[in-house]
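**Student:** Handing you this structure, nothing more for now.
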Amino acid sequence: MSQSMLPEHLWIQIRREYKRKKPKGVDGIELINDLPKDLRRDIKQHLCWGLLRRVPVVGTFDAILLDAMCDRRKTVHYTENSYIVQEGDPIDVLLFIKRGRLISMSTSDGSGIFFNRIHHKAGDFCGKELPPWGLESQSSSFQPVSTRIVMTLTEVEAYVLTAHDL
619 MSQSMLPEHL WIQIRREYKR KKPKGVDGIE LINDLPKDLR RDIKQHLCWG
669 LLRRVPVVGT FDAILLDAMC DRRKTVHYTE NSYIVQEGDP IDVLLFIKRG
719 RLISMSTSDG SGIFFNRIHH KAGDFCGKEL PPWGLESQSS SFQPVSTRIV
769 MTLTEVEAYV LTAHDL
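Numbering (the numbering used here), first residue to last: 619 to 784.
Quick look at the structure:
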């Protein structure tokens with residue numbers, strides 16, 4: 619985890635816990651899991667809430683919903699040139715790119731000619747149609763359908779929330 623991703627006051631608390639609990643040979647993830655609950659929550663809020671609030675509908679959610687979404691997020695890896703979603707398939711993930719690049723593109727008329735290409739990089743997200751569906755899913759069991767093809771250009775590491783998580 620990059621030190622620049624967290625404010626200094628959180629790093630001071632992390633260092634204090636690190637020195638107190640395990641002075642040598644600690645994995646970063648293990649250290650975070652061993653931190654006191656309130657400090658873990660502050661870190662989670664700083665790292666995860668910022669990502670989630672970039673999604674238009676999610677930006678209006680309260681702390682309880684944001685915490686629940688952060689708890690359900692998973693890290694996934696995609697290999698280079700793999701398809702994440704095909705045009706016409708149900709959208710089943712809200713994806714936040716941590717590392718790598720992908721492209722989303724749509725076809726004009728099913729002819730196979732691509733237009734409207736959008737390149738995505740670390741810090742970007744895809745699947746903004748999923749959270750509104752999650753809010754209304756009680757009335758409809760049909761997931762939104764993708765109008766785009768989303769595929770990786772490089773290896774991609776990302777956080778995802780699935781349709782089931784929402």
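Idealized CB from N, CA, C, for every residue including glycine.
Going along the chain, which residues of its own chain have a beta-carbon closer than 6 Å to the beta-carbon of E635, five neighbours each way excluded?
**Tutor:** Position 17 of the sequence shown, counted from the start, is the residue given in the question as residue 635. Closer than 6 Å at the Cβ level, and outside the excluded window around E635, lie L653.
**Student:** N651 by DSSP, collapsed to three states: which one?
**Tutor:** Reading the sequence shown from its first residue, position 33 is the one you call residue 651. Looking at N651 - three-state DSSP - the assignment turns out to be helix.
**Student:** Could you check the C-alpha separation between I767 and K637 for me, to the nearest Å?
**Tutor:** Position 149 of the sequence shown, counting from 1, holds the residue named residue 767. Position 19 of the sequence shown, counting from 1, holds the residue named residue 637. Going from the Cα of I767 to the Cα of K637 covers about 48 Å.
**Student:** Mapping the DSSP letters down to three states, classify P609 as helix, strand or coil.
**Tutor:** Here the chain comprises residues numbered 619 to 784, so residue 609 is not present and cannot be evaluated.
**Student:** From the DSSP output, which residues share a beta bridge with Y777?
**Tutor:** Residue numbering aside, residue 777 sits at position 159 when the sequence shown is read from its first letter. Paired residues: T693, F714.
**Student:** When the distance is taken between beta carbons, is G706 closer than 9 Å to V774?
**Tutor:** Numbered from 1 along the sequence shown, position 156 holds the residue referred to as residue 774. Numbered from 1 along the sequence shown, position 88 holds the residue referred to as residue 706. Against a cut-off of 9 Å, the Cβ pair of G706 and V774 comes out as no contact.
**Student:** So L779 and V703 are in contact, right, with Cβ under 8 Å, and what is the actual spacing, rounded?
**Tutor:** Residue 779 sits at position 161 when you count from the first residue of the sequence shown. Residue 703 sits at position 85 when you count from the first residue of the sequence shown. About 14 Å separates the two Cβ atoms, so there is no contact after all.
**Student:** Contact check, R719 vs K746 under 8 Å by CB: the rounded distance?
**Tutor:** If you number the sequence shown from 1, residue 719 lands on position 101. If you number the sequence shown from 1, residue 746 lands on position 128. The Cβ separation is near 18 Å, so there is no contact.
**Student:** DSSP state of L720, grouped into three classes?
**Tutor:** The residue given as residue 720 occupies position 102 in the sequence shown. Here L720 sits in strand by DSSP.
**Student:** Please report the distance separating the alpha-carbon of Y777 from that of L670.
**Tutor:** For this step, residue 777 is matched to residue 159 along the sequence shown. For this step, residue 670 is matched to residue 52 along the sequence shown. So the two alpha carbons sit approximately 11 Å from each other.
**Student:** What does DSSP give as the partner residue(s) for H737 in the beta ladder?
**Tutor:** Here residue 737 refers to the residue found at position 119 when the sequence shown is read from its first residue. DSSP lists I721 as partners of H737.
**Student:** Which residues does DSSP list as the beta-bridge partners of M769?
**Tutor:** By 1-based counting over the sequence shown, the position of residue 769 is 151. In DSSP, M769 forms a bridge with Y701, I721.
**Student:** Answer with yes or no whether the minimum CB distance from T765 to chain B is below 9 Å.
**Tutor:** Of the protein chains in this structure there is only one, and it is not chain B.
**Student:** Below 8 Å on the Cβ atoms is my guess for I709 versus L748; work out the distance and round it to an integer in Å.
**Tutor:** For the purposes of this step, residue 709 is taken as the residue at position 91 of the sequence shown. For the purposes of this step, residue 748 is taken as the residue at position 130 of the sequence shown. Right, their Cβ atoms sit about 5 Å apart.
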